[in-house]
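These notes concern the structure reproduced below.
In my numbering, the protein residues as written are 356 to 519.
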């Protein structure tokens with residue numbers, strides 16, 4: 356029996372090769388969502404944004420994100436909440452703090468309800484994507500239930516960058 360471990364992003368895959376007569380069999384087992392590339396606990400940030408000040412909506416988003424974390428064995432390190440801010444507002448305190456902490460490599464995963472919580476501007480999303488990729492971080496949304504970046508192909512990215 357020959358075996359090994361392969362890790363891609365936050366997926367840890369164990370595999371074993373067995374020979375049975377002339378047949379070569381492979382068994383794989385995947386463990387997802389708990390470790391970063393250094394085999395350390397995944398560092399998770401949750402971002403919540405509500406356009407108009409609404410405590411119930413804030414609590415609803417928070418509860419949905421907490422349930423997602425529990426289901427996927429994530430432990431949020433910090434919540435960033437901007438209540439009463441538009442996605443177009445560049446002066447969102449929690450969002451700006453999150454950006455600074457991403458630049459400091461504090462997180463492996465950013466979790467949010469959907470893309471519109473981050474921004475509704477394709478150029479801002481492009482900038483966010485560049486930052487995330489540069490820092491080897493991931494963005495997941497509740498709707499996609501998977502890693503969602505990269506979003507733009509190189510032609511789209513160039514087009515939106517030139518329009519900026």
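Where a beta carbon is used, it is the ideal one built from N, C-alpha and C, also for glycine.
Problem set entry | Residue interval of the beta strand (DSSP E) (run including residue 493) | 493 to 496
Exercise. Does any CB atom of chain C fall closer than 7 angstroms to the CB of residue 482?
Worked result: Any reference to chain C falls outside this structure, which holds one protein chain only.
Problem set entry | Distance, residue 433 Cα to residue 387 Cα | With a pLDDT of 48 at residue 387, under the threshold of 50, the modelled position of this residue cannot be trusted; read the value that follows with caution. If you take the alpha carbons of residue 387 and residue 433, they lie about 20 angstroms apart.
For this session: Apply the 10 Å Cβ neighbour rule to residue 467 and answer buried if 16 or more other Cβ atoms are within range, or exposed otherwise.
Result: buried
Exercise. So, using beta-carbon positions, are residue 457 and residue 494 closer together than 7 angstroms?
Worked result: no
Exercise. Roughly how far, in whole angstroms, is the beta-carbon of residue 413 from the beta-carbon of residue 438, given that I think they are within contact range, below 8 angstroms?
Worked result: 5 angstroms
For this session: Return helix, strand or coil for residue 468, following the three-state DSSP convention.
Result: coil
Exercise. Helix, strand or coil: how does DSSP classify residue 410 here?
Worked result: helix
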